[in-house]
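Worksheet: one structure, shown below.
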Amino acid sequence: MSDKPALPTHRTLGEVSEREVIQAITDAAPSVINGDDAAVLFPGQPNSRTVVATDTLVEGRHFCLDWSSPEEVGQKAILQNFADIEAMGARPTAALLSLSAPPETPLEVVRGIAAGIGTRARRYTAELVGGDVTKANQLIVTITAVGSLGGSRGPLTLDRARAGQQLVAHGRLGWSAAGLALLERYGRAGIPRELTSLVDAHCAPWLSPNRGMIARAAGASAMTDNSDGLLRELHLLAQRSGVGIDLDSAALAPDDLLVHAGEVLGVDPWDWVLGGGEDHTLLATTAKPAPSGFRRIGEITAGTKSAQHSVCMDATPIQHSAANQGWESFQ
1 MSDKPALPTH RTLGEVSERE VIQAITDAAP SVINGDDAAV LFPGQPNSRT VVATDTLVEG
61 RHFCLDWSSP EEVGQKAILQ NFADIEAMGA RPTAALLSLS APPETPLEVV RGIAAGIGTR
121 ARRYTAELVG GDVTKANQLI VTITAVGSLG GSRGPLTLDR ARAGQQLVAH GRLGWSAAGL
181 ALLERYGRAG IPRELTSLVD AHCAPWLSPN RGMIARAAGA SAMTDNSDGL LRELHLLAQR
241 SGVGIDLDSA ALAPDDLLVH AGEVLGVDPW DWVLGGGEDH TLLATTAKPA PSGFRRIGEI
301 TAGTKSAQHS VCMDATPIQH SAANQGWESF Q
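Going by the UniProt record's numbering, the sequence shown runs without a break in its numbering and finishes at 331.
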């Protein structure tokens, strides 16, 4: 138990000191490593390498507090960063938080974001070990994730897919995009009850921890995560490896929940499966059986001269549209 006095929950950042803001964060996401000028991390297993990734969530661009609780924002921030660590076949070990916010932001919002970060990080046996806070015109949450890549095998880089391998996935596809579409139509309070799982998948996406490390140990060669849309991610993997990808429509067919959401919104659910990002589904290639927790969704083929047709479905080029082109950061 902390012997520090509890902070009133109604105050804003402009009404408290920087030290009190930091105290709120460390109380919500405690770590014995945090609290000094810098965090000192212990090395991992022998021959281990350090893996680092960073990603930013901007209010109004990546999340909306009318839809998401502060805890969900923190969970989402950790998941999207740890998914990048996992995609290298590494184990997430620590995170740093850079928080920028307007002075009128309630302290309780910051406390909630930190609590969400701590809750999700602990799922990976990781900790929030430091960071920074500053004033800004809008709420911005930036996470720097740190991971450990053990053993002598290389990381699961995008250039290691080979023809003849199978393409496998861990996690759902299209759920986050469908959840966002529902939120844009109904807001959080008006979501049909049977579709709330899709909204949850957008506000606080979920993956089983350490599947990337498991896939690497099981012989996966290349891996990425679905941040910006399935087709966009796979086109990049195909180009970097000089291969083609043939998706299996039966393995990717929208599930009943996506079909129902599509009927409610008048949207083709395939657009969410192929173009929706932020599921952070792990996508890997392997010449061996699918690793535990993964399922086959296609195969790797010989490269094609046409980069536009590097990803097909059932051996047929996929028609590109605005609905399935994926996420662009500056559009």
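Every residue, glycine too, gets a C-beta built ideally from N, C-alpha and C. Computed from a prediction, not measured in an experiment: that's the story for all the values here.
Just how far apart, CA to CA, sit Q80 and D248?
Each residue's alpha carbon lies about 26 Å from the other.
Taking just the CA atoms, how far does L149 sit from G303?
Approximately 30 Å between the Cα atoms of the pair.
For the alpha helix (DSSP H) containing D200, name the first residue and the last one.
Counting along the chain, the alpha helix (DSSP H) containing D200 begins and ends at T196 to C203.
With a cut-off of 8 Å, do at least 3 Cβ pairs link the stretch 102 to 118 to the stretch 170 to 177?
No, they do not touch.
Nearest-angstrom Cα distance between R122 and A315?
A straight line joining the alpha-carbon of R122 with that of A315 spans about 43 Å.
If you check the beta carbons only, do V259 and P192 fall under 8 Å apart?
No, the pair does not count as a contact, with Cβ atoms beyond the cut-off.
Beta-carbon proximity list for M202, same chain, < 6 Å, skipping 5 on both sides:
For the record, residue 202 in the displayed sequence is His; it is not Met. Answer for H202: S176, G179 and L180, listed in chain order.
According to the neighbour-count rule (16 or more other Cβ atoms, all chains shown, within 10 Å of its Cβ), is R232 buried or exposed?
R232 should be labelled buried.
Quick one: what's H320 bridged to in DSSP?
Its beta-bridge partners do not exist; DSSP assigns none.
Given V243, which residues of its chain have a CB within under 6 Å of its CB, disregarding the five upstream and five downstream residues?
Closer than 6 Å at the Cβ level, and outside the excluded window around V243, lie A161, A163, I300 and G303.
6 Å Cβ shell around D84 - same chain, five flanking residues per side excluded:
The beta carbon of D84 sits closer than 6 Å to those of A53, all from its chain and outside the five residues before and after it, given in chain order.
Could you tell me if A194 is buried or exposed, where buried requires 16 or more neighbouring beta carbons within 10 angstroms of its beta carbon?
Note that residue 194 is Glu in the sequence shown here, rather than Ala. By the C-beta density criterion, E194 is exposed, having fewer than 16 other C-beta atoms within 10 angstroms.
Around the Cβ of S17, are there at least 16 other Cβ atoms within 10 angstroms (buried) or fewer (exposed)?
The residue is exposed, with fewer than 16 neighbouring Cβ atoms inside 10 Å.
Using alpha carbons as the reference points, say which of P43, A39, S208 and P70 lies closest to V129.
Closest option to V129, Cα to Cα, is A39.
Counting Cβ pairs closer than 8 Å, one from the stretch 82 to 96 and one from the stretch 138 to 154, do we hit at least three?
At 8 Å Cβ cutoff, the stretches touch.
Tell me whether D36 sits in a helix, a strand or coil according to DSSP, three-state version.
Here D36 sits in coil by DSSP.
Can you tell me which of the three DSSP states residue 364 falls into?
Here the chain has residues from 1 to 331 only, and residue 364 is not among them.
Which value, in whole angstroms, describes the spacing of the CA atoms of A24 and E184?
Cα to Cα, A24 sits roughly 32 Å from E184.
List the residues that DSSP assigns as beta-bridge partners of T224.
Beta-bridge pairing links T224 to L283.
Indicate the three-state DSSP secondary structure (helix, strand or coil) for E59 in the structure shown.
Strand.
Buried or exposed (CB count within 10 angstroms, at least 16 for buried), F42
Flag for F42 reads exposed.
Excluding five sequence neighbours on each side, which residues of the same chain lie with their C-beta closer than 7 Å to the C-beta of A28?
Residues of the same chain with a CB within less than 7 Å of the CB of A28, apart from the 5 flanking positions on each side, are R111, A114, A115 and G118 in chain order.
Got a sec? Which residues, its chain only, sit under 7 Å from I22 by beta carbon, not counting five neighbours each side?
Cβ neighbours of I22 beyond the five flanking positions: V133.
Taking Q166 as part of the beta strand (DSSP E), name the residues at either end of that continuous run.
It spans Q166 to H170 - the beta strand (DSSP E) in which Q166 sits, taken as one unbroken run.
Buried or exposed: where does T319 fall if 16 or more other Cβ atoms within 10 Å of its Cβ makes it buried?
In the sequence as presented, Thr is not what sits at residue 319; that position holds Gln. With fewer than 16 Cβ atoms within 10 Å of its Cβ, Q319 is classed as exposed.
Opposing strand residues paired with P94 [DSSP bridges]
First, the amino acid is wrong: residue 94 is Ala here, not Pro. In the DSSP assignment, the residues bridged to A94 are E127 and V146.
Please report the straight-line C-alpha distance between G44 and G187, rounded to a whole angstrom.
G187 has its alpha-carbon roughly 44 Å from the corresponding atom of G44.
Opening and closing residue of the beta strand (DSSP E) in which I245 lies
Its beta strand (DSSP E) spans residues V243 to L247.
CB contact flag (G212, G275, <8 Å)
Going by C-beta atoms, G212 is not nearer than 8 Å to G275.
Would you kindly report the start and end of the unbroken alpha helix (DSSP H) that includes R295?
DSSP places R295 in no alpha helix (DSSP H) but in the uninterrupted beta strand (DSSP E) bounded by R295 to A302.
Roughly how many angstroms separate the alpha carbons of Q138 and D66, rounded to a whole number?
Going from the Cα of Q138 to the Cα of D66 covers about 15 Å.
Please list, in chain order, all residues of the same chain as N47 whose beta carbon is under 8 Å from its beta carbon, the five residues on each side excluded.
Cβ contact annotation for N47 (same chain, cutoff 8 Å, sequence separation greater than five): G150, G151 and S152, in chain order.
Compare the Cα-Cα distances from E104 to each of P317, I214, R11 and A215 and report the closest residue.
Nearest C-alpha to E104 among P317, I214, R11 and A215: R11.
For L198, which residues in the same chain have their Cβ closer than 7 Å to its Cβ, ignoring the five residues on either side in sequence?
W175, A178, G179, L182, L257 and A261.
Indicate whether V141 and V73 have their beta-carbon atoms separated by less than 8 Å.
V141 is a Cβ neighbour of V73, given a cutoff of 8 Å.
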